[in-house]
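Single-structure report; data block below.
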Amino acid sequence: MRAFGELVRRDVLIAWKEGGTLGVALGFYLVVVVLLPLALGPDLSLIARIAPAVLWVAFLLSALLSLGRLFEADFEDGSLDVLATGTLPLEAVVAAKALAHWLTTALPLIALAPVLGLILNLAPQAYGVLVATMLAGTPAVSFLGAIGAALTVRTRRGGLLIGLLLLPLFVPTLIFGIEAIGAALAGADSFAASFLLLIAFSLAATVLAPPAAAAALRFQLQ
Amino acid sequence: MKLIADKLSVLRDSRPIFAGLSFAVEAGSSLILRGPNGAGKTTLLRLIAGLLPASAGRLLLEGGPAERSVSELCHYVGHLNAIKPTLTVAENARFWQRFLGDGGQHVEDALAAFGLAALSDIPAAYLSAGQKRRLALARVLLAPRAIWLLDEPAAALDQDAEAALSAAVTARLAAGGLVIAATHQPLPWPHAHVLRLGPSARVA
């Protein structure tokens, strides 16, 4: 358990000191969301209507950018070999790295989302729901993303490949995340159902993704 | 404790790296792997570390703790150093100490043993190749593990560092450890046996 905490701590520390990966993700998020209203023209009600969808899709794309490096750096400098010979099972190593990714990439992106909501004329009562659905749904992105990162750890510029491999798996999170915000704005009962499904996907990914990613890593290390 | 390899074979893309390899290493002795490039020295070390499965044969540990796998008893120092350039020397060492388990030397002592004490606060990115190698080797002192697997440990090391490495290996062997190293350099280690890996059997 101590090794798990240490690994999370190290990855957060490295992300903090390097800063580049997070900067690129935040910058990309900002650019996509700022460009869209400019392209769509001054139709405020249209932009407000699609704002939750834009914020979620741009979040997924930004997270994908940084997922490619999840195991690559440790693979290239030999750290992954040593991590694999530790007493911590490789499944737990994967979980620790996915958790660190969520803390260092998803959380800052979620913090930025309400600010970008202003640009998109998001309805005032939607901000709380937006942050809540993202907090509930995005752990699935980091943990499922670990599978793709493990599969492409030997592939140069594997980031886009991760997108192709994993976008189908992200679809439920995307649909129910946007659906939950829409339901909350309309005052519909389906909000609770969508929100609980989001949490369910995240919990399932947290449990099921580490064994899958660890199996992929074992194969890649051979 | 005794590490026994029984007719080990490894295939890569159906090409044998080595086949039918058998040897035994007793606790307190070291095994030096020699052989031309591509003879399978690194492959054998990775196999013992549990990073690679054998396609045939068995690897046994006699008299080791039953609840631990061979992999969990090994320090694997590959030809890559497993150092994070943005972290300082001490931060790198402290992470591996805490990750690999308690009971090893203090970070300061392990760094001092390899002559890195004065560098502990600078980012590892500024280290020279030999200093990075020293930091990677300091890992074996940071956590107590019975079996050391060292891949070209003396590459880029100067005489002082080689002496430090020999002292660490000698102490580990005296404490009932077991050291396996792949190298092209002469290593003056006690109770050293040499295993020569050669060109393997041709594909039929």
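Taken in sequence, the protein lines are chains A and B. Counting the first sequence from 1 gives a position; the numbering used here is that position plus 126. Counting the second sequence from 1 gives a position; the numbering used here is that position plus 1381. Glycine residues also receive a C-beta, built at the ideal position from the N, C-alpha and C atoms.
In terms of CA proximity to Ala-1437(B), Leu-1392(B) leads the group Leu-1392(B), Gly-1421(B), Arg-1475(B), Thr-1467(B). With distances taken between CA atoms, Asp-169(A) lies nearest to Leu-246(A) out of Leu-246(A), Thr-230(A), Met-127(A). By the neighbour-count definition (other C-beta atoms within 10 Å, threshold 16), Arg-1526(B) is a buried residue. Segment contact: the stretch 304-312 of chain A against the stretch 178-192 of chain A, three or more CB-CB distances shorter than 8 Å; contact assigned.
Under the three-state reduction of DSSP output, Ile-1503(B) falls in the coil class, being neither helix nor strand. For Leu-1389(B), no alpha helix (DSSP H) run applies; the uninterrupted beta strand (DSSP E) run containing it begins and ends at 1383-1393, by DSSP. Nearest CB-CB separation between Arg-1479(B) and chain A: below the 8 Å threshold. Burial is judged here by how many other beta carbons sit within 10 angstroms of a residue's own beta carbon; Glu-1453(B) has at least 16 and is buried. Under the 10 Å beta carbon count, Phe-185(A) is surrounded by 16 or more other beta carbons and is classified as buried. Every unbroken stretch of the alpha helix (DSSP H) spanning 4 or more residues and falling wholly within the stretch 188-253 of chain A is given here in chain order: 198-202, 205-210, 216-227, 233-245. For Leu-196(A), none of the residues of chain B pass the 8 Å Cβ criterion, the least Cβ distance being about 15 Å. By the criterion of a C-beta distance shorter than 6 Å, Leu-248(A) is surrounded in its chain by Ala-177, once the five residues flanking it on both sides are discounted. Beta-bridge pairing by DSSP links Ala-1437(B) to Ser-1390(B).
Counted as a single uninterrupted DSSP element, the stretch harbouring Ile-1413(B) is not any alpha helix (DSSP H) but the beta strand (DSSP E) occupying residues 1411-1415. Residue nearest to Thr-1564(B) within the set Leu-1468(B), Leu-1522(B), Asp-1394(B), Ala-1536(B) is Ala-1536(B) (criterion: CA-CA distance).
Non-local beta-carbon contacts of Ala-1494(B) in its own chain, meaning distances under 8 Å to residues more than five positions away in sequence, involve Gln-1486, Ala-1519, Leu-1522, Ala-1545, Ala-1548, Ala-1549 in chain order. Looking from the CA of Leu-1568(B), the closest CA among Ala-1471(B), Asp-1394(B), Ile-1413(B) belongs to Ile-1413(B). According to DSSP, Thr-1469(B) shares a beta bridge with Pro-1504(B). The stretch 322-341 of chain A makes contact with the stretch 263-278 of chain A, as at least three CB pairs between them are under 8 Å.
Contacts with chain A at 8 Å (Cβ-Cβ) do not include Lys-1422(B).
Between the alpha carbons of Ala-1524(B) and Leu-1492(B) lies a distance of about 13 Å. Of all C-beta pairs linking the stretch 1460-1474 of chain B to the stretch 1502-1517 of chain B, three or more are shorter than 8 Å, placing the two stretches in contact. When rounded, the separation of the alpha-carbon atoms in Leu-256(A) and Pro-240(A) is 8 Å.
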